[in-house]
Amino acid sequence: MARGRCGTRRSRRRRHTAGLMAAALALAHAAAPANQDALDFLLAAPADEPAQPAPTPEPAPAPEMLPSADAAPLATIPLEPPAEPTPTPRPAPSGPRLEEIVVTAQKKAQFVEDVPISLSVVDHKFIASWGITDVREAMLFVPNVKVEEAGFFASPRVRGFSFNNNNKAFEPPAGIALDGIPYTRVEYFNAALFDVQRIEALRGPQGTTFGKNTTAGLIHVVTQNPTDDFTGYADVQRGELDRLRIEAAVGGPLIAGMLNFRIAGLYDERDGFIRNTTAPLVPGLPSDLRSQGRRGVRAKLDFIDLLGATLRLSVETVELESGGAGAEMYNASERIQAVLRRYDPDADFERNNYTASIDQPDGRIAQIDTINAEFGTGLGDWNLVALAGHSVLKNELQVDTDFSPAPAIYGEDRDRSPTTSFELRAESPEFDGLFGLPTLFGTDLGSSNLLVGLYHQHREIQGGGFEFRIGTLPFLELTLAGTQDAPAETLLAALPPQLFGLLFTAIPASPPGGDNLYEEVKQGFEQQADASALFGQFEWSFAPRWTAQLGLRYSVEDKSARWNSVYTSPGPSVLLPLAGISQFSAERSQSEEQLQPKLSLNWQPNDDVSLFLHWARAYKGGGFNAFAFRDRDDELVFQPEVATEWGFDFKGSLLDGRAKLNVSLYRLDIDDFQVLTRIPDALTVGLGVTKVENAAKARSQGVEADFTWLVTEWLTLIGTAAFNDTEYLDFKTNDCPADQDNTDGDDDQRCDATGKGFAFAPRQSYTLFANLSFPIGDGGLRWGFGGGAEYQSLQYLDIDLDPRKTQEGFFRYRANIGISNPMQGWSFRVFGENLGDARTSIRQGDVVPGLFVNIQEAPRQFYAQLRYEF
């Protein structure tokens, strides 16, 4: 098995830095007016001309995330007809107020107060002022939404609903959309975040407008578009862990009134924070884990007048590198410690000390290349938008599957996943009455509008499949050290007698990183899917301050898959059959039709308050188990799951527009809940028989809220709160802890989780942050401070709901302090994250009975940011 390249990245990354900065400077020079020196253009206006004004602000964030107090004056986002027609303006403010917030959560431009969805938005100014570098960090400021990533482990979660990330064909319940196009692979959640206009976090089913696989919610990332004026910025971060992040963008008119451009780039590198004790014993193995590298370039062309139509083209390439999960071993029995210290005398078994002991490469490399086109035109009073995109994900994954210094199991995975999407939608004008019928029997029918569209997406997983190499002797030693008498006797009876004398000797037969005697299997998997849909959304303002909305989406999806699992060992395989891994080839196909409706009723008692009652039903598609090891229908195929939500939302502008508050009460029920379970077997060490079952009925209910309060001109408070009560209403086939037997009293070896809460779902979570900004003299200088805390209550960190694998409740603090001159466009800040150095974890699990592993979050870190905007 070829070993990958995840451990050799840093020197190659550094060579890109100078090239990126040179490109940014060259673009700025090209964008500068002819009579202006390039350096003056970047740093200041000419002496005989006033400084360039700050660009028109984009929509403010919600959880009504107000930009830092030293940002440009508040204004409403400039929208670009006909693709995003401007909503009806609200009355002009009589004093200082928070910005109106415009989103496209329902495929058209709307104020947040008019959207019947539990919704939070983080905009580009908030992202810059808080040093946010990816979706995971942005979601720290959003209630009930989390995105975690560590090597092979990546998991988006909304309202407690998550998924098993080991299965690439197991689509997450929380979707991701980039510039209006939805994607199903989890790698898109971890894509490079640069030159972003805003991030919309939508909670609850979004099937009507974004399709299936959004049963819990959706994260929509919207990137910056070209503008009519020359604008741009450069942002540099430098800090601990050898952190170096450079982000830059420039844009403006190429042909005035006809063609605008924008180009942006990113270089992001930082070392890992987990020490690997086994690295000195294995040449070429990285000494630190959980490193990170992201690089990206995006270019956009905006034809703003093609005989009255518009055309926007974009091309983007990003590369992501994640330096392993960095899983720590803990709760190890004395027997297992003795075995593993034969491979690494310094093997560490203490939890939360940022120390791991692995002997194999571990990490992920992904490249995503995307081309999009958006065409907009008018047809009478209607607006037509056509959106097309083609994206190719190339993924390489390496996993030290036993998470230990013993060369017991090593896995590699790679695939290529192209996605081609097309959407055509039409938005009506505001009709007088009901579709132009102003009255009926003397009754005024108010006004109405309609959005209709069609959608198609083709997805493939090409050349996919794990390759696992089992080091025979280390595997036997680790397995026997964790098994009970009966499984051990079964295993020993199947082994050749000549192996007995090689086990548990003073010197291991296979050194760390080696596998002199091994068995190997290649688990090939490929999939193809075609999804088509018709959708529509109708709004009727049938009475003053009352609006009803009906949405409907009819979708058809055809999927097919192929498996080819073969032993590739040079000799006979003994351990693989005992672990439930067989050789087989299989093909399956399935077709689904679904109707996804939603209804909402809105009452606005005054211009500043909206109340919504809404109901929605959505589906998460059925599919195939890419992690199957046997040719059995119940282990290869699973069916759709159904989500039904009731919700009540309050959205208000309070205190004469100086505060905004959003509150949502919800109940989300899932029927035929898809769960990936493992048939208990002591001889697995992370492999073995897995199956996806529609085995559970689950519920998530609670309340989530966010607010922004402009207390004074120099102080803004931002907060979120969530109470999320999760429960398996019926789930009798959950995983059991590896060292515990099923005690349900039934014949199934798995454990009954009925009545228990979800893993990775804290019941309570809160954040409170403040932004302060004061002038320094009369020269335009300002100093600013931002800081606050987040709190999460106890949560399970493994799907077996073992109380020994939990994260206790914790507080975590962050802050920043800096100086800026908004008139000149520059700022300098110093950031501190996890200031209390809280030791927190995102995932735990079993390797074998008697050995747990733990994936930690980052320790306290400091870094500085220098930013210039023009």
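The sequence shown stops at residue 872 when you use this note's numbering, and every number in between is there.
C-beta: ideal position from N, C-alpha, C; glycine also.
task = Classify Trp-132 as buried or exposed, calling it buried when 16 or more other Cβ atoms lie within 10 Å of its own Cβ.
result = buried
Backbone CA spacing between Arg-862 and Arg-418 [nearest angstrom] = 37 Å
query = What are the start and end residues of the beta strand (DSSP E) that includes Ala-630?
reply = That residue, Ala-630, is in no beta strand (DSSP E); it is neither H nor E in DSSP.
request  = Quick one: using the 10 Å Cβ neighbour count with 16 as the cut-off for buried, is Asn-608 buried or exposed?
outcome  = By the 16-neighbour rule on beta-carbons within 10 angstroms, Asn-608 is exposed.
request  = Report yes or no: do the segment 775-792 and the segment 748-764 share at least 3 C-beta pairs separated by less than 8 Å?
outcome  = no
ask   = Would you report the Cα separation of Thr-19 and Ala-251, rounded to the nearest angstrom?
value = The predicted position of Thr-19 is uncertain, since its pLDDT is 42 and thus under 50; a value taken from the coordinates is nonetheless stated next. Their backbone Cα atoms lie some 15 Å apart in a straight line.
Proximal residues to Leu-783 (C-beta, below 8 Å), its chain only, five neighbours per side dropped = Pro-777, Ile-821, Ser-822 and Asn-823
request  = Answer yes if the segment 728-746 comes into contact with the segment 800-808, meaning at least three C-beta pairs across the two stretches below 8 Å, and no otherwise.
outcome  = yes
message = Helix, strand or coil for Ala-428? Go by DSSP, reduced to three states.
response = Three-state result, Ala-428: strand.
task = Measuring alpha carbon to alpha carbon, tell me which of Ser-164, Arg-296 and Asp-361 ends up nearest Pro-285.
result = From the listed residues Ser-164, Arg-296 and Asp-361, the smallest Cα separation to Pro-285 is found for Asp-361.
query = Excluding five sequence neighbours on each side, which residues of the same chain lie with their C-beta closer than 6 Å to the C-beta of Phe-263?
reply = Pro-228, Gly-253, Leu-256 and Leu-303
message = So for Ser-557, helix, strand or coil by DSSP?
response = strand
inquiry  = Quick check on Lys-734: does DSSP put it in helix, strand or coil?
reply    = coil
ask   = Which two residues bound the contiguous beta strand (DSSP E) that contains Glu-469?
value = 449-473
request  = State the start and end residues of the unbroken beta strand (DSSP E) segment that holds Glu-101.
outcome  = Here Glu-101 belongs to no beta strand (DSSP E), and DSSP marks it neither H nor E.
task = With DSSP as the reference, label Tyr-345 as helix, strand or coil.
result = coil
key: Element boundaries [beta strand (DSSP E), containing Ala-531]   = 520-545
ask   = Are the CB atoms of Phe-468 and Gln-530 nearer to each other than 8 Å?
value = no
ask   = So, using beta-carbon positions, are Pro-184 and Phe-212 closer together than 8 Å?
value = yes
message = Just to confirm the assignment: which complete alpha helix (DSSP H) runs, minimum length 4, are found wholly within the segment 170-211?
response = none
inquiry  = Quick check on Leu-597: buried or exposed, where buried means 16 or more other Cβ atoms within 10 Å of its Cβ?
reply    = exposed
ask   = If we count the other Cβ atoms within 10 Å of its Cβ and call it buried at 16 or more, is Trp-548 buried or exposed?
value = By the 10 Å Cβ count, Trp-548 comes out exposed.
request  = Quick one: give me the first and last residue of the alpha helix (DSSP H) that Val-137 is part of.
outcome  = 137-140
query = Does the Cβ of Arg-247 have 16 or more other Cβ atoms within 10 Å, making it buried, or fewer, making it exposed?
reply = Looking at its Cβ environment, which holds 16 or more other Cβ atoms inside 10 Å, Arg-247 is buried.
key: Candidates Leu-142, Gln-239, Val-849 and Val-850, of which the one nearest Glu-869 by Cα   = Contrary to the premise, residue 869 reads as Arg rather than Glu in this sequence. For the residues Leu-142, Gln-239, Val-849 and Val-850, the minimum Cα distance to Arg-869 belongs to Gln-239.
query = For Ser-289, does the three-state DSSP call read helix, strand or coil?
reply = coil
query = Expressed to the nearest angstrom, what Euclidean distance is found between the alpha-carbon atoms of Thr-445 and Phe-544?
reply = Cα to Cα, the separation comes out at about 10 Å.
task = Just mark Ala-111 as buried or exposed, buried being the case when its beta carbon has 16 or more other beta carbons within 10 Å.
result = By the C-beta density criterion, Ala-111 is buried, having at least 16 other C-beta atoms within 10 angstroms.
query = What residues are listed by DSSP as bridge partners for His-885?
reply = A query on residue 885 cannot be resolved here, the shown segment of the chain reaching from 3 to 872 and no further.
request  = Find the nearest neighbour of Met-260 within the set Asp-350, Asn-726, Val-299 and Arg-314, judged by alpha-carbon distance.
outcome  = Arg-314
query = Of all the options Gln-703, Val-124, Gly-721 and Ser-575, which has the alpha carbon lying nearest to the alpha carbon of Gly-759?
reply = With distances taken between Cα atoms, Gly-759 lies closest to Gln-703.
message = By the three-class DSSP mapping on this structure, what secondary structure does Phe-43 have?
response = The predicted model places Phe-43 with a pLDDT of 31, which falls under 50 and marks its position as unreliable; any figure quoted below should be read in that light. DSSP places Phe-43 in helix when its eight states are reduced to three.
message = According to DSSP, Phe-776 sits in a beta bridge with which residue or residues?
response = Trp-785
message = Since Pro-174 and Arg-619 should fall inside the 8 Å C-beta cutoff, what is the C-beta to C-beta distance between them, to a whole number of angstroms?
response = Actually they do not touch by this definition, with Cβ atoms about 19 Å apart.
request  = Would you identify the three-state DSSP class for Ile-257, choosing helix, strand or coil?
outcome  = strand
inquiry  = Would Ser-318 and Gly-298 be called neighbours here (beta carbons separated by less than 8 Å)?
reply    = The sequence given here has Glu at residue 318, not Ser. In terms of Cβ geometry, Glu-318 and Gly-298 form a close pair [threshold 8 Å].
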